[in-house]
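Numbering follows the working numbering, in which position 28 of the sequence shown is assigned residue number 485; successive positions increment by one, without gaps. Every residue, glycine too, gets a C-beta built ideally from N, C-alpha and C. What you are looking at is a predicted structure, and each value in this text was computed from that prediction instead of being measured.
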Amino acid sequence: MKAVDRRPNVVQIIYPVLEAAIQPSSFLLIWSDIGKTYAAWYTAIENLQEVLDEVVDFNQDAQNVSHNENRHHPENSREVAGEALAQLYAELGETDIFYGPKNDNLDFPWDFLSDLARAEHNSELLLECQWRQADWSTEHESIELAITNLPSQSIRRNTFQAYLTLLKSHMGLLVDEHRSEFTRICDEGIQLCLHQWFRLPEIVTESHIPLLQAFQQFVELQEASQIFHSLTTTTSQNLEARSADLKHVLQTWRERLPNQWDDINIWSDLVAWRQHVFSAINRTYIPLIQSNLGANTQSFAYRGHHETAWMVNRFAHVARKHGLSQLCKDSLTRLHFAKYRDFRSLPQAV
């Protein structure tokens with residue numbers, strides 16, 4: 458096991474020798490596990506593909522060749538090899554090969570999926586739905602319970618746990634000695650990302666993209682902690698100064714976006730995450746309007762709305778470029794019915 462963290466390692470070197478000495482069809486799942494554990498991904502894929510090809514040849518020649526002469530290729534080898542090969546493709550993010558050339562995506566509303574997740578007791582799906590729907594400040598207890606049901610060594614669990622800890626700290630639900638939990642959870646998540654990155658092939662593939670997305674998420678979580686700290690000390694007297702403090706971080710977020718051709722799910726997740734932060738800004742700033750009715754203060758108080766409008770408009774633009782016209786219309790419709798009071802700055806935001 459010492460070779461797991463070495464590149465290159467001895468297993469990568471002797472893997473082709475083992476392939477020549479031992480029939481791959483005899484230990485299909487073992488070949489797959491070795492390939493994943495010791496970063497011999499492509500050698501394992503090649504071996505499993507050869508097994509599939511040999512089984513196909515066996516089936517084609519079965520009428521002319523007796524079964525006893527081909528017993529080293531049992532009939533179920535195709536199913537086992539296909540399953541092992543699909544797992545490797547899935548972990549490498551090769552979805553076009555994993556799902557096949559015709560991938561028909563089904564579109565379900567998040568509220569429907571949320572009801573399904575509750576009925577099936579699927580905590581992972583439930584959290585993904587609540588990440589895009591729920592106000593975590595009012596449902597933090599049920600969300601915390603769902604997080605505990607996720608696998609412990611999960612990047613997604615660290616992401617949800619970090620934000621929930623940050624939110625509870627902002628709401629005053631954590632004692633002082635537990636306020637350092639946020640930093641610890643973020644550090645663990647980053648280390649887990651680095652470990653998974655090291656296990657992947659050296660050549661960047663589709664499987665690296667979710668890790669890049671996770672790295673950005675943890676960076677923005679740490680930046681969000683600065684925003685929440687600023688919100689804690691914001692009053693009607695220093696609203697303008699505190700709003701100016703947030704401008705640098707929020708401008709950085711506008712510039713730090715996925716590529717236009719990246720998967721729409723990456724964009725959707727980013728919009729959902731940032732709307733949590735923008736909503737927190739609104740919950741702090743909007744009530745301060747009643748105590749300070751200056752025109753300039755009103756503009757600063759709607760910073761959360763402005764950022765939401767800009768982000769949703771950008772998401773709708775990308776959805777249209779992806780050919781998702783209905784998603785584009787739905788996003789702009791929700792933006793149109795948003796309750797903006799500062800009508801003068803709304804056209805600029807949109």
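{"Query": "DSSP state of V661 mapped onto helix, strand, coil", "Result": "coil"}
{"Query": "Close Cβ partners of L583 (< 7 angstroms) along its chain, the five nearest in sequence each way excluded", "Result": "S571, A574, R575, A603"}
{"Query": "Own chain residues within Cβ distance below 6 angstroms of N516, not counting five before or after", "Result": "The predicted position of N516 is uncertain, since its pLDDT is 49 and thus under 50; no value can be drawn from it."}
{"Query": "S788 versus A776: straight-line alpha-carbon distance, rounded", "Result": "9 angstroms"}
{"Query": "Separation of T689 from L623, as counted between CA atoms", "Result": "12 angstroms"}
{"Query": "Same chain only: Cβ atoms within 7 angstroms of Q679, ignoring 5 sequence neighbours per side", "Result": "C643"}
{"Query": "Of the residues L707, F685, E551, S580, the one placed nearest A737, counting alpha carbons only", "Result": "F685"}
{"Query": "Contacting residues, own chain, Cβ-Cβ under 6 angstroms from R791 (five flanking each side not counted)", "Result": "none"}
{"Query": "Rounded distance between the beta-carbons of L696 and A758, thought under 8 angstroms", "Result": "7 angstroms"}
{"Query": "Among L707, Q587, K625, the one whose alpha carbon lies nearest that of P566", "Result": "Q587"}
{"Query": "Check whether H597 and L631 have beta carbons under 8 angstroms apart", "Result": "no"}
{"Query": "Rounded Cβ spacing between L399 and L505 (contact assumed at less than 8 angstroms)", "Result": "The displayed coordinates of the chain run from 458 to 807. Any statement about residue 399 would go beyond what the structure contains."}
{"Query": "Cβ contact check for the region 698-714 and the region 648-656: 3 or more pairs under 8 angstroms", "Result": "no"}
{"Query": "Y759, enclosing alpha helix (DSSP H) - first and last residue", "Result": "It is not in any alpha helix (DSSP H) - Y759 carries neither H nor E in the DSSP assignment."}
{"Query": "Selection from A497, T494, T765 that minimises the alpha carbon distance to V728", "Result": "T765"}
{"Query": "Cβ-based burial, H705 [other Cβ within 10 Å; buried from 16]", "Result": "exposed"}
{"Query": "Separation of E638 from G629, as counted between CA atoms", "Result": "14 angstroms"}
{"Query": "Residues near I487 in its chain [Cβ-Cβ closer than 8 angstroms; skip 5 each side]", "Result": "none"}
{"Query": "Whether W593 touches H762 by CB criterion (8 angstroms)", "Result": "no"}
{"Query": "Inter-residue spacing [alpha-carbon to alpha-carbon] between W724 and Q717", "Result": "9 angstroms"}
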